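Engineer:
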Amino acid sequence: MFRRVWMLIALTALLSGVLPVGAQGDGLLAYSPDACAGDITGAALSESCQKMIAAFPAPTWKRVPQDGYTLGFYNFWKVGPSATPTFDGPNGNVIGEIPAGFNYVNIVDQSVEGWLKSQDGRWIRQQDAAPASPSYFTGVELDETFTHPFAFILDKSHIFVSSVPGGPADKKTGRFLKRYELVNIFAVATDKEGWRWYMIGPNQWVKQTFVGKVQRIKPPEGVTGRWVAIDLYEQVLVAYEDDKPVFATLVSTGTAKYETQEGLFKVWARLERDGMSGATGAPSAYALQSVPWVMYFDGGRSLHGTYWHDLFGYRTSHGCVNMTISDSRWLYYFLKEAPPNKDGEIVNQVYVYSTGVYGDSVVRGQ
Numbered sequence: 002m003f004r005r006v007w008m009l010i011a012l013t014a015l016l017s018g019v020l021p022v023g024a025q026g027d028g029l030l031a032y033s034p035d036a037c038a039g040d041i042t043g044a045a046l047s048e049s050c051q052k053m054i055a056a057f058p059a060p061t062w063k064r065v066p067q068d069g070y071t072l073g074f075y076n077f078w079k080v081g082p083s084a085t086p087t088f089d090g091p092n093g094n095v096i097g098e099i100p101a102g103f104n105y106v107n108i109v110d111q112s113v114e115g116w117l118k119s120q121d122g123r124w125i126r127q128q129d130a131a132p133a134s135p136s137y138f139t140g141v142e143l144d145e146t147f148t149h150p151f152a153f154i155l156d157k158s159h160i161f162v163s164s165v166p167g168g169p170a171d172k173k174t175g176r177f178l179k180r181y182e183l184v185n186i187f188a189v190a191t192d193k194e195g196w197r198w199y200m201i202g203p204n205q206w207v208k209q210t211f212v213g214k215v216q217r218i219k220p221p222e223g224v225t226g227r228w229v230a231i232d233l234y235e236q237v238l239v240a241y242e243d244d245k246p247v248f249a250t251l252v253s254t255g256t257a258k259y260e261t262q263e264g265l266f267k268v269w270a271r272l273e274r275d276g277m278s279g280a281t282g283a284p285s286a287y288a289l290q291s292v293p294w295v296m297y298f299d300g301g302r303s304l305h306g307t308y309w310h311d312l313f314g315y316r317t318s319h320g321c322v323n324m325t326i327s328d329s330r331w332l333y334y335f336l337k338e339a340p341p342n343k344d345g346e347i348v349n350q351v352y353v354y355s356t357g358v359y360g361d362s363v364v365r366g367q
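When we follow this note's numbering, the leftmost residue of the sequence shown carries the number 2, and every step to the right adds one.
1. Touch check for the region 295-310 and the region 268-285: three-plus C-beta pairs under 8 angstroms?
2. Is the region 82-90 touching the region 255-265, taking contact as three or more C-beta pairs under 8 angstroms?
3. Assuming residue 216 contacts residue 197 (C-beta within less than 8 angstroms), just tell me the rounded distance between them.
4. With DSSP as the reference, label residue 182 as helix, strand or coil.
5. Checking the sheet assignment: what are the DSSP bridge partners for residue 246?
6. Rounded to whole angstroms, what is the Cα-Cα separation between residue 187 and residue 340?
7. What residue ranges within the region 63-131 form continuous alpha helix (DSSP H) runs of no fewer than 4 residues, ordered along the chain?
8. Can you pull the DSSP bridge partners for residue 262?
9. Would you decide whether residue 179 is buried or exposed? Buried here means 16 or more other CB atoms lie within 10 Å of its CB.
10. Using three-state DSSP, classify residue 137 as helix, strand or coil.
11. For residue 246, tell me which candidate among 306, 335, 281, 322 has the shortest Cα-Cα distance.
12. Taking 8 angstroms as the cut-off, decide whether the C-beta atoms of residue 159 and residue 177 are in contact.
13. Counting only the same chain and skipping the five closest in sequence on each side, list residues whose C-beta sits under 7 angstroms from that of residue 154.
14. What's the C-alpha gap between residue 87 and residue 330?
15. Considering only DSSP beta bridges, list what residue 358 is partnered with.
16. Could you give the DSSP three-state label for residue 34: helix, strand or coil?
17. Since residue 302 sits in a beta bridge, which residues does DSSP pair it with?
18. Please classify residue 344: does DSSP put it in a helix, a strand, or coil?
19. Just grab the DSSP bridge partners of residue 228 for me.
20. Given a cut-off of 8 angstroms, decide if residue 141 and residue 62 are closer than it, judged by their beta-carbon atoms.
21. What number of angstroms, rounded off, separates the C-alpha of residue 52 from the C-alpha of residue 166?
22. For residue 93, I'd like the list of residues in its chain whose CB is within less than 6 angstroms of its CB, leaving aside the five on either flank, ordered along the chain.
23. Quick one, which of 312, 315, 147, 348 has its alpha-carbon nearest residue 59's?
24. Under 8 angstroms between the Cβ atoms of residue 150 and residue 193?
25. Out of 308, 122, 102, which has the shortest C-alpha to C-alpha gap to residue 132?
26. Here's the rule: buried if 16 or more other CB atoms are within 10 angstroms of the residue's CB, otherwise exposed. What is residue 66?
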């Protein structure tokens, strides 16, 4: 009986000129935003465009799992920014200091009120520190149905979308942007200043600076197996198996002063945890304990988990590629468990490129 019903549905779809698909939407249309390509004026949408948006209002990619162990077991605290004394025990003797700068420690003992013991055995006063709040954002797994660009929303101000490309935020649209939500891109228009605008719903437009767009690329020459592409302009990372994209997420790369270099690199070391520090004695000094899921690819630059900010989609690092803890764990094992080559070596390459000229601001679109 079930088979007959399915055959009837398929026959009806075929006679109507619509083919069924199974990955997204209501199963009646094949996803093709080209149906909306001409609907860029803000006027009434074509019937085919309306049907496409109704069938595929948003991507349905599966989020990768949370790294519950790292997020739950580790206890990161920010210290400073002023120099902070360290002690040999609660109410004990001063044995040194944590220099002024951007410093985070992993706390292993809070049993004494008002005191914190870091993983290196030193104690600090709790009043000199504040608990970190790691991001719980995760990227998405992709499959062979990923054929058209989609985007992550970056904006944190809950601004309303515009009703026309290049127009002001319009409350009448009834839709505002939600940080990290996924959106399909149904049409693209360009305003007088050269900015691209994306239609993410029926006459619902958003400026390109408020999204991180995900699009697939061809592997660089000679690149096979499991590799990673990082678009500095969009602040997006896509992981591939040969030419098939399997994962996408937002990242934070280097600022103008500490740029993440473009080029093709090879992952030369993987560490589940590593301490990181730099610029000692300078105003930009930093020291970070137990940075998780580290994959070095360009000298001291690495892909790694990040517990000290939630600015993914914006440039804010010292040159590394910041990822959420959960995303970096997923990528770490995806690359580590790649099939070895004929020499028995696991080779993972990292391709860093840019699809546009990006600005210096940490917060794009502000």
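Cβ atoms here follow ideal geometry from the backbone N, Cα and C, with glycine treated the same way. This structure is a prediction, so every number in the text was calculated from the model and none was measured.
Structural biologist: According to the structure shown:
1. Touching, yes, given that three or more Cβ pairs across the two stretches are closer than 8 angstroms.
2. Note that the region 82-90 does not touch the region 255-265; fewer than 3 beta-carbon pairs, one per stretch, sit closer than 8 angstroms.
3. Going by Cβ atoms, the distance from residue 216 to residue 197 rounds to 13 angstroms, so no, they are not a contact pair.
4. Correct three-state label for residue 182: coil.
5. BP columns for residue 246 point to 241.
6. Rounded to whole angstroms, residue 187 to residue 340 spans 37 angstroms at the Cα level.
7. Every unbroken stretch of the alpha helix (DSSP H) spanning 4 or more residues and falling wholly within the region 63-131 is given here in chain order: 69-74.
8. In the DSSP output, where bridge partners are listed per residue, residue 262 has none listed.
9. With fewer than 16 Cβ atoms within 10 Å of its Cβ, residue 179 is classed as exposed.
10. Residue 137 carries a coil assignment under DSSP once its states are collapsed to helix, strand and coil.
11. For residue 246, the closest alpha carbon among the candidates 306, 335, 281, 322 is that of 335.
12. A contact, by the Cβ cut-off of 8 angstroms.
13. For residue 154, where only same-chain residues beyond five positions count, the Cβ hits under 7 angstroms are 178, 179, 180, 181, 182, 184, 211, 212.
14. Their Cα atoms are separated by approximately 32 angstroms.
15. Beta-bridge annotation (DSSP): residue 358 is not paired with any residue.
16. DSSP places residue 34 in helix when its eight states are reduced to three.
17. BP columns for residue 302 point to 299.
18. In the displayed model, residue 344 falls within coil according to three-state DSSP, outside both helix and strand.
19. Answer is 241, 350.
20. Between residue 62 and residue 141, the gap from beta carbon to beta carbon is short of 8 angstroms.
21. In this structure, the alpha-carbon of residue 52 lies about 21 angstroms from that of residue 166.
22. Nothing listed; no residue qualifies.
23. Checked all of 312, 315, 147, 348; the closest Cα to residue 59 is 147.
24. Not in contact: residue 150 and residue 193 (Cβ atoms no closer than 8 angstroms).
25. The option with the nearest alpha carbon to residue 132 is 308.
26. Counting other Cβ atoms within 10 Å of its Cβ, residue 66 stays below 16 and is therefore classed as exposed.
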